[in-house]
Amino acid sequence: MENKGLLFIPDISGFTRFVTEMEIDHSRHIIEELLEILINANSIGLEISEIEGDAVLFYKYGERPDLNTLYSQVEKMFCEFHRHIGGYEYRRLCQCKACRSAIDLTLKVVTHYGEFTGYNVKHFNKLLGRDVIVAHQLMKNEIPQHEYWLVTNNVLQNQPPEGIKEWMTWAGSTKQTDAGEISFQYTQLTPLRHEIKAEPLIDLGIKEKKKMISVSKEFDIDINTLFYGAGHFEFRHLWQEGVKQIDEVSHYLPRVGTKHRCVLKNGQVIMFSSSFSYSAEKIVYAETDEKRRASIYFIFEKISETRTRLTFDFYLKKNPILQAIFGLTMKKKTEQNFTKSLENLQEFMKDVEMPVEVD
26 MENKGLLFIP DISGFTRFVT EMEIDHSRHI IEELLEILIN ANSIGLEISE
76 IEGDAVLFYK YGERPDLNTL YSQVEKMFCE FHRHIGGYEY RRLCQCKACR
126 SAIDLTLKVV THYGEFTGYN VKHFNKLLGR DVIVAHQLMK NEIPQHEYWL
176 VTNNVLQNQP PEGIKEWMTW AGSTKQTDAG EISFQYTQLT PLRHEIKAEP
226 LIDLGIKEKK KMISVSKEFD IDINTLFYGA GHFEFRHLWQ EGVKQIDEVS
276 HYLPRVGTKH RCVLKNGQVI MFSSSFSYSA EKIVYAETDE KRRASIYFIF
326 EKISETRTRL TFDFYLKKNP ILQAIFGLTM KKKTEQNFTK SLENLQEFMK
376 DVEMPVEVD
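Going by this note's numbering, the letters in the sequence shown line up with residues 26 to 384, in that order.
Next up, the structure:
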């Protein structure tokens with residue numbers, strides 16, 4: 026039995042082709058996150074042979090696992106996958122096509138049992154054998170939709186896949202492979218979505234706070250382009266007064282809850298994205314310092330198709346002493362910096378163009 030085992034392949038599908046550098050880069054990071062989610066959801070002792078684009082080739086030598094054990098693994102990966110995507114959808118800051126369409130990604134799983142062997146390449150065990158080829162060929166089939174679990178007769182041993190979940194509806198089919206015609210059963214996993222509990226909306230901002238400064242400026246530019254220029258961290262040092270650079274600390278793709286390091290001319294501070302809301306008429310983004318003493322709200326309001334108002338609202342935690350010290354020593358300078366930042370942003374935006382999306 027040392028050369029026989031389970032082949033288990035979860036495959037991510039749903040991304041369209043992207044053309045801009047940002048979309049390609051962001052889609053790559055999203056897929057990397059989701060592959061990590063799948064790997065961490067491994068609960069039945071599967072080994073990783075290799076990561077193949079949007080899929081992971083898992084294997085496990087030994088006897089055929091029973092269907093209930095296999096299903097529990099499929100269920101865990103599917104639910105963790107969609108729970109993560111759902112969380113990203115309402116926490117993400119980026120509005121590029123790749124980030125917007127992440128919610129449309131889904132998962133299919135192919136399970137096959139057969140003979141294979143392997144050899145070590147760095148940290149992975151590269152698999153060889155006819156059944157490995159068969160498993161890969163089964164990933165391209167005529168099954169409608171791309172959200173299913175496929176189980177070959179090599180796993181089932183000609184036994185009907187019954188008694189797992191009441192909602193399951195199984196259908197049979199065949200696939201012509203290099204090893205001949207392979208029979209399999211499959212069931213759609215879409216009903217599993219109803220069992221995924223949505224994560225609650227979060228606002229990590231300061232609960233008890235007082236507005237200390239509010240500065241606004243109107244721009245002859247549409248709301249989405251202004252948010253693109255002002256909202257991306259990699260541009261911040263080019264217009265925000267006193268900022269030398271912004272470094273991502275906790276993740277490359279910023280979202281509510283992620284941290285970034287703001288390097289200033291006179292030091293640095295760790296900030297985290299504390300809240301975000303987006304609509305066609307108004308975008309509100311807030312970031313709060315790690316000690317939760319101060320928050321800055323960036324408020325983008327659509328005036329017309331080609332005109333937008335941007336407001337900086339600066340809040341301090343409700344504390345009379347803290348507020349008094351700020352008012353005496355820092356308020357005037359901070360307000361001047363915000364005003365100068367808006368002027369800098371107006372000049373910076375002259376050279377900013379939104380990446381063109383292609384359907």
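The beta carbon of each residue, even a glycine, is placed where N, CA and C say it ideally should be.
Should residue i be labelled buried (16 or more other beta-carbon atoms within 10 Å of its own) or exposed?
i    : result
P35  : buried
A349 : exposed
Y144 : exposed
P345 : exposed
R218 : exposed
W192 : exposed
K316 : exposed
T313 : buried
I37  : buried
H109 : buried
P185 : exposed
P90  : buried
E27  : exposed
N183 : exposed
V146 : exposed
N93  : exposed
D272 : exposed
R116 : buried
Q170 : exposed
Pull the bridge partners of residue i from the DSSP assignment, please.
i    : result
H137 : L32
D272 : R286
Y86  : G30
E326 : K307, R334
G197 : Q210
I238 : F339
L132 : I37
F301 : Y310
Q397 : In the structure as shown, the chain begins at 26 and stops at 384. Residue 397 is therefore absent and cannot be evaluated.
I321 : E312, F339
E243 : R334
Following the continuous beta strand (DSSP E) through residue i, name the residue where it begins and the one where it ends.
i    : result
T212 : 205–213
F337 : 332–342
N145 : 142–146
N150 : 149–153
V377 : Element bounds for V377: n/a, residue is neither H nor E.
L175 : 173–177
I73  : 72–77
So residue i packs on residue j, CB below 8 Å; how close in whole Å?
i    : j    : result
A305 : L341 : Actually they are not in contact, since the Cβ atoms of A305 and L341 sit about 32 Å apart, beyond 8 Å.
I221 : C104 : 5 Å
H137 : V180 : 7 Å
V135 : L95  : At roughly 11 Å, the Cβ-Cβ gap does not stay under 8 Å, so V135 and L95 are not in contact.
E259 : G112 : No, E259 and G112 are not in contact; Cβ-Cβ is about 24 Å, not under 8 Å.
Ends of the alpha helix (DSSP H) at residue i?
i    : result
E58  : 46–65
E100 : 92–116
E368 : 356–373
N249 : 248–256
K122 : 122–125
Answer with yes or no whether the minimum CB distance from residue i to chain C is below 8 Å.
i    : result
E140 : The structure shown contains no chain C; it is built from a single protein chain.
The ligand ZN and residue i: does any heavy atom of the ligand fall closer than 7 Å to the residue's C-beta?
i    : result
F301 : This structure simply doesn't include the ligand ZN, nor any ligand for that matter.
Would you say the segment 125–135 touches the segment 277–290, given that touching needs at least three Cβ pairs under 8 Å?
-> No: fewer than three Cβ pairs fall under 8 Å.
Three CB pairs or more closer than 8 Å across the segment 200–212 and the segment 295–309 = Pairwise C-beta distances place the segment 200–212 out of contact with the segment 295–309, as fewer than three of them are shorter than 8 Å.
Do the segment 225–239 and the segment 186–201 make contact, defined as three or more Cβ pairs closer than 8 Å?
-> Judged by Cβ distances under 8 Å, the segment 225–239 makes no contact with the segment 186–201, as fewer than three pairs qualify.
Do the segment 317–333 and the segment 236–250 make contact, defined as three or more Cβ pairs closer than 8 Å?
-> They touch, by the three-pair rule.
Touch check for the segment 253–271 and the segment 76–96: three-plus C-beta pairs under 8 Å?
-> These segments do not touch.
Inter-stretch contact at 8 Å, needing at least 3 Cβ pairs: the segment 112–121 / the segment 157–172 | With a cut-off of 8 Å, the segment 157–172 and the segment 112–121 do not count as touching, because too few Cβ pairs lie within range.
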